[in-house]
Amino acid sequence: MTRIATWNVNSLRVRLPQVLEWLAAHQPDVLALQETKLPDEIFPVAELAAAGYSVVFNGQRTYNGVALLARGTGRDFADVVRDLPGIEDPQRRVLAASIGPVRVVNLYVPNGQSVDSDKYRYKLDWLRALRDWMRAETERHPHVLMLGDFNIAPEDRDVHDPDRWAGGVLVSAPERDALRELLALGFSDVFRHFEPATGHYSWWDYRQGAFRRDHGLRIDLILAAEALAGRCLGSSIDREPRRSDRASDHTPVVAEFDI
DNA sequence: ATGGCTGCTTTGAGCAGA
794 MTRIATWNVN
804 SLRVRLPQVL
814 EWLAAHQPDV
824 LALQETKLPD
834 EIFPVAELAA
844 AGYSVVFNGQ
854 RTYNGVALLA
864 RGTGRDFADV
874 VRDLPGIEDP
884 QRRVLAASIG
894 PVRVVNLYVP
904 NGQSVDSDKY
914 RYKLDWLRAL
924 RDWMRAETER
934 HPHVLMLGDF
944 NIAPEDRDVH
954 DPDRWAGGVL
964 VSAPERDALR
974 ELLALGFSDV
984 FRHFEPATGH
994 YSWWDYRQGA
1004 FRRDHGLRID
1014 LILAAEALAG
1024 RCLGSSIDRE
1034 PRRSDRASDH
1044 TPVVAEFDI
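Per our numbering, residue 794 is the first one in the first sequence, and the count goes up by one each step.
(1) Pick from Pro989, Leu824, Tyr913: whose alpha carbon is nearest that of Val964?
(2) How should Met794 be labelled, buried or exposed, when 16 other C-beta atoms within 10 angstroms of its C-beta is the threshold for buried?
(3) Check for me: the alpha helix (DSSP H) holding Gln827 runs from which residue to which?
(4) Can you find at least 3 beta carbon pairs, one from the segment 914-924 and one from the segment 876-886, that sit closer than 8 Å?
(5) What is the rounded straight-line gap between the Cα of Val823 and the Cα of Ala1020?
(6) I need the straight-line Cα distance from Val952 to Leu1010, nearest angstrom please.
(7) My understanding is that Ser1028 touches His993, with C-beta atoms under 8 Å, so please give their C-beta distance in whole angstroms.
(8) Can you pull the DSSP bridge partners for Phe980?
(9) Determine the burial state of Thr866: buried for a count of at least 16 other Cβ atoms within 10 Å of its Cβ, exposed for fewer.
(10) Provide the residue span of the alpha helix (DSSP H) that contains Val812, from first to last.
(11) Can you tell me whether Val873 is buried or exposed? The criterion is at least 16 other CB atoms within 10 Å of its CB, across all chains shown.
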C-alpha cells in the first residue's frame, strides 16, 4: 500500500513543526507540499531527514515553492522536472519526479486573483501548457498522478455556497473547463471515487471565521491516471491540522493506492 | 462596497493569497 498526500502549508518556515508532527502521525510514503515560500538554500533538509524523509524541492523566496517528501533515507527522485514546458515562468509552481513505481507531479496552480485580471489570463495560459505537457507525461508514465493546490473547485458540490461564488475566480467556467480538459486526458479525481456528497473542503479563508462556519472550498486535488485510479483504495481530507492555533488555510488531502 | 486574516517584506505599509 502506498499513501500519497498533498498539503499547501502556506510557509514551510512557519509550518515545519506541524509538518513533522503530521508525518509522524500519518507516515505517508509521499507528501507533496505547496507554498513553501523558501529559497532552496534554506530548505530544511536535515530536519526532514531526521524525521525519515528524503526531499526534493523547487523553491523561491516569499512566494510559491513546491517540494516532494518521500519516506526513507536516500530515496531516489528520478527524471525531475521543475519547469512547465512551453511557458516562460519564473514562479516555482511545478515539481515532478518518479518515486518508486509512481510518477508524481506536484502542482501549485496560479490563483488567478479575479476573472478580469492579468493573473487570471496567466492562470488559463498556465493550465493550457500543463494540459499539453500532461498529455505527453501520460504516454511516458502510465502510473502518473497530478496532485496539489489546483485553485479550482471542480463542481458546485465542492463549494460551501455556490451562489455566492458563482462566476468568480476558483469556480468560473473557463477554469472548470480547463480542469475538465486535464481529466479528459484520462485522469480522475480520486476523492470522488468514495465520497459523492457536498461538505468536504480542503481550504477555508482565514477571515470571517470561515473554518468555524465551515465556509470552505475543495481545491486541493489528487488526480490519478487510469492505471493508478483503478488501484485507489481510499481518499480523505484531514481537517485536524486546520484546527491548530497557527494553521495553514489549507489542510492535507490523502489517497491510498494498492501499488 | 469594503474588508475581514495571515505571511512576507532590504521593518513598513502594502502585496498576495483564495
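Built from N, CA and C at the ideal position, the CB exists for glycine as well.
In this structure, then:
(1) For the purposes of this step, residue 964 is taken as residue 171 along the first sequence, with counting starting at 1. For the residues Pro989, Leu824, Tyr913, the minimum Cα distance to Val964 belongs to Tyr913.
(2) Counting from 1 along the first sequence, the entry for residue 794 is found at position 1. The residue in question, Met794, is exposed, as its Cβ has fewer than 16 Cβ neighbours within 10 Å.
(3) In the first sequence, the residue the question calls residue 827 occupies position 34. Per DSSP, Gln827 belongs to no alpha helix (DSSP H); it is in the beta strand (DSSP E), 823-827.
(4) They touch, by the three-pair rule.
(5) Indexing the first sequence from 1 puts residue 823 at position 30. Indexing the first sequence from 1 puts residue 1020 at position 227. The straight-line gap separating the alpha-carbon atoms of Val823 and Ala1020 is approximately 18 Å.
(6) Looking up residue 952 in the first sequence gives position 159. Looking up residue 1010 in the first sequence gives position 217. C-alpha separation (whole angstroms): 5 Å.
(7) Locating residue 1028 in the first sequence gives position 235, counting from the first residue. Locating residue 993 in the first sequence gives position 200, counting from the first residue. Actually they do not touch by this definition, with Cβ atoms about 10 Å apart.
(8) If you number the first sequence from 1, residue 980 lands on position 187. Ala1018, per the DSSP bridge assignment.
(9) Residue mapping note: residue 866 aligns to position 73 of the first sequence, counting from 1. Within 10 angstroms of the beta-carbon of Thr866 lie fewer than 16 other beta-carbons, which makes it exposed.
(10) As a working note, residue 812 is residue 19 in the first sequence. Counting along the chain, the unbroken alpha helix (DSSP H) around Val812 starts and ends at 805-819.
(11) The count along the first sequence starts at 1 and reaches residue 873 at position 80. Classification of Val873: exposed, given that the 10 Å Cβ count is below 16.
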